[in-house]
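In my numbering, the protein residues as written are 11 to 391.
Below is one structure, written out as C-alpha cells, with a few remarks after it.
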Amino acid sequence: MGRRGNREGSIYRRKDGLWCGALTVGYDPGTGKPIRKVVYAKTRQEVAEKLTKLLRDHHLGLLPVKNERVEFGSWLWTFLDLYKKPEIRPTTYGLYAGILRLHIPEKLAHTPLEKLRSEDLQALYTSLGEQGYTRVVQILHNLIHSALNQAVKLGYVPRNVSEATTRPKGKKKEVQILTPQELKRFLEVAKKHRLFPAFYVLATTGLRRGELLGLKWQDIDWEHGTLTVQRNLVWVRGEPVLQEPKTRGSYRTIPLPESTLEVLRGWRKRWLEEKLALGPDWPETDLVFPSEVHTAMHPRNFLRAFKNLLQEANLPMVSLHALRHSYATLLLAEGENPRVVQELLGHSTVTTTLGIYSRVLPSLKQQAVKKVERILGENNV
Numbered sequence: 011m012g013r014r015g016n017r018e019g020s021i022y023r024r025k026d027g028l029w030c031g032a033l034t035v036g037y038d039p040g041t042g043k044p045i046r047k048v049v050y051a052k053t054r055q056e057v058a059e060k061l062t063k064l065l066r067d068h069h070l071g072l073l074p075v076k077n078e079r080v081e082f083g084s085w086l087w088t089f090l091d092l093y094k095k096p097e098i099r100p101t102t103y104g105l106y107a108g109i110l111r112l113h114i115p116e117k118l119a120h121t122p123l124e125k126l127r128s129e130d131l132q133a134l135y136t137s138l139g140e141q142g143y144t145r146v147v148q149i150l151h152n153l154i155h156s157a158l159n160q161a162v163k164l165g166y167v168p169r170n171v172s173e174a175t176t177r178p179k180g181k182k183k184e185v186q187i188l189t190p191q192e193l194k195r196f197l198e199v200a201k202k203h204r205l206f207p208a209f210y211v212l213a214t215t216g217l218r219r220g221e222l223l224g225l226k227w228q229d230i231d232w233e234h235g236t237l238t239v240q241r242n243l244v245w246v247r248g249e250p251v252l253q254e255p256k257t258r259g260s261y262r263t264i265p266l267p268e269s270t271l272e273v274l275r276g277w278r279k280r281w282l283e284e285k286l287a288l289g290p291d292w293p294e295t296d297l298v299f300p301s302e303v304h305t306a307m308h309p310r311n312f313l314r315a316f317k318n319l320l321q322e323a324n325l326p327m328v329s330l331h332a333l334r335h336s337y338a339t340l341l342l343a344e345g346e347n348p349r350v351v352q353e354l355l356g357h358s359t360v361t362t363t364l365g366i367y368s369r370v371l372p373s374l375k376q377q378a379v380k381k382v383e384r385i386l387g388e389n390n391v
C-alpha cells in the first residue's frame, strides 16, 4: 500500500474542540516512520490556511525535515538565554537561573513540550507553595508563562498550558521596624563601629542597601545639603557591579539633616586617612562606604555587622531593610504627606508606599480626626 504523498495534509478535530492539521514532510531513515508537522487552530479554515503555508515552506526548503522533540527544561533555559537575558539585569538573570536549577524537578524538565500538561505545572506550584516558596512560585510562573507563549508563537505547542494554573497566595509579611527608642539604642551602640556613618545615613534617608553601598562622594552636595541616588551596587558571580537604579522613581535627590551632614564630614576625614594609609598602589575608588581596604563593600559583610550590633544592643533580629521601614513609618506617623514619603523612598507610585505602610494608617486617621476637632472647637457642638 502506497504512502500518502508529501503534498497531502489531513485535518481533524480533537475531542477538546481544537482543530488540527498534519502534513507528512519526510520519513525517518532509521524506522521508516513518517515525520509529520502538526498545526493547531480554533477553526477548520485557520488550520487549512496554516497547512497551505506549511506546504509552501516545505517546497521552498524552509521547513526542516527533522522529528525534533523539545523538552520543557531545555526550552526554559533556551528562552531565558535567548529571549530574556538581553532585556533583564544580571542580578535578575541570576535569580531566574537559580530558581530553574533548584526548583524544576528532573522528571518535569525532561517532559516533551507537547506532552506538558497544566496538571504537571499545578503540582509543582502546589508543592512549592506548601514548602513556603510562594514568592518563588510567582517568579517561576511568570517565566514559564512567557516561555510557553514564545513556544506557541514558534509552533512547538498549540497553546499555553500554564494559563490554566492557579498560584498559591502567601501571607503578606508584616513590615519590620524599630521603634524610635529602639533606633536610638541601635545608633548609640553602633557609634563605636567603623560603619556607624553608613547606618546613620540609612536611618536618616531611607536608602536601600544597594543605593547606600553604591554612593560616591560626588553624589553629596555639601553646599545644598543633599544626596543624589543615581546608581546601585550589586554583586554578580562574586564581582561588584554598579548599575543604574531599577526605576525612574529611584533616581532622586534627598535633603540631608544637619546631623547626617556632620556625620558624613567626620567620616570623610577618616575615609581620607584610611586611603592615605593604604598607599598609592591601591585601586582607586570613590565609594563613600567601601570595605576596610577600600574595595566595594560586600553586602554579606555589611549585614553581618548590622546583625552583630542588633545583638549587642539586645534588639529584635530585624532585617537591614527595617531601617528603611523605620524611616518611612516615622515620617508617616509624624503626619508627613504620603506623596513626599513616596518620593523620598523612590517608590514608583504613592500606592506602593501606602500599601507597604498600611499598618500606620489607622493612627494617622485618628490624628486627622483630632486635628479637625481642634480646628472646629468644642464650643460649636
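Note that CB positions come from ideal geometry on N, CA and C, so glycine has one too.
Using DSSP bridges, identify the partner residues of residue i.
i, result
"Glu-81", "Pro-122"
"Ile-264", "Leu-237"
Can you tell which of the options has the C-alpha that lies nearest to the C-alpha of residue i?
i, options, result
"Arg-275", "Val-185, Pro-207, Ser-301, Asn-311", "Pro-207"
"Thr-62", "Ser-20, Leu-92, Gly-83", "Ser-20"
"Glu-254", "Leu-193, Pro-44, Arg-241", "Arg-241"
"Asp-229", "Thr-257, Val-185, Leu-297", "Leu-297"
"His-304", "Arg-280, Leu-313, Leu-319", "Arg-280"
"Lys-394", "Leu-271, Glu-81, Glu-344, Leu-340", "This structure cannot settle anything about residue 394, because the visible part of the chain is limited to 11 through 391."
"Ser-269", "Pro-290, Thr-215, Ser-137", "Thr-215"
"Arg-204", "Lys-256, Phe-299, Gln-186, Lys-52", "Phe-299"
"Glu-129", "Val-162, Gln-160, Glu-116, Glu-173", "Glu-173"
"Ala-107", "Glu-116, Leu-86, Pro-115, Glu-97", "Leu-86"
"Ala-133", "Thr-175, Gly-142, Ala-161", "Thr-175"
"Asp-334", "Gly-27, Arg-145, Ile-187", "Reading off the sequence shown, one finds Arg at residue 334, where the question assumed Asp. Out of Gly-27, Arg-145, Ile-187, Ile-187 has the C-alpha closest to the C-alpha of Arg-334."
"Gln-352", "Thr-53, Thr-363, Ala-306, Arg-54", "Thr-363"
"Ile-366", "Gln-160, Glu-184, Gly-259, Glu-81", "Glu-184"
"Leu-271", "Pro-293, Trp-227, Thr-257, Pro-309", "Trp-227"
"Thr-238", "Leu-252, Phe-312, Ser-260, Lys-201", "Ser-260"
"Leu-201", "Leu-319, Arg-145, Leu-105", "It is worth fixing the name first, because residue 201 is Lys in this sequence and not Leu. Answer by Cα proximity: Leu-319."
"Arg-46", "Arg-54, Val-35, Lys-52", "Val-35"
"Arg-310", "Trp-292, Thr-295, Ser-329", "Ser-329"
"Trp-232", "Leu-150, Val-251, Arg-278", "Arg-278"
"Lys-95", "Arg-145, Ser-156, Pro-115", "Ser-156"
"Arg-54", "Asn-347, Ile-149, Leu-64, Gly-31", "Gly-31"
"Ser-336", "Leu-118, Leu-217, Leu-110", "Leu-217"
"His-68", "Leu-33, Ala-51, Lys-52", "Leu-33"
"Phe-209", "Asp-291, Leu-313, Leu-150", "Leu-313"
"Glu-97", "Ile-109, Lys-256, Ala-287, Gly-345", "Lys-256"
Under 8 Å, do residue i and residue j count as touching if we go by C-beta distance?
i, j, result
"Pro-122", "Arg-79", "yes"
"Leu-153", "Val-167", "no"
"Leu-325", "Glu-192", "yes"
"Lys-83", "His-120", "Checking the sequence, you will find Gly at residue 83 rather than Lys. Yes, they are a contact pair."
"Ala-315", "Val-199", "no"
"Arg-404", "Val-211", "Outside the displayed span of the chain (11 to 391) sits residue 404, for which this structure offers no information."
"Val-162", "Arg-127", "no"
"Leu-252", "Gly-224", "yes"
"Thr-144", "Lys-179", "yes"
Output yes if chain B places a C-beta closer than 8 Å to the C-beta of residue i; else output no.
i, result
"Leu-297", "Going by chain labels, chain B is absent from the structure shown, which holds only one protein chain."
Taking one C-beta from the segment 238–246 and one from the segment 87–105 each time, how about it: are there three or more such pairs within less than 8 Å? yes
Ordered list of beta strand (DSSP E) runs contained in the segment 226–259, each at least 3 residues: 236–239, 242–246, 249–253
Jot down the residue ranges of each uninterrupted alpha helix (DSSP H) in the segment 179–220, minimum 4 residues, whole runs only, in chain order. 190–200, 206–215
Taking 8 Å as the threshold, find out whether the segment 85–94 comes into contact with the segment 52–67 through three or more Cβ pairs. no
Residue ranges of each alpha helix (DSSP H) within the segment 266–297, 4 or longer: 268–288
Between the segment 258–271 and the segment 356–369, do three or more beta carbon pairs fall short of 8 Å? yes
Suppose only complete runs of 4+ residues qualify. What are the alpha helix (DSSP H) ranges in the segment 336–374, listed by chain order? 348–355, 360–366
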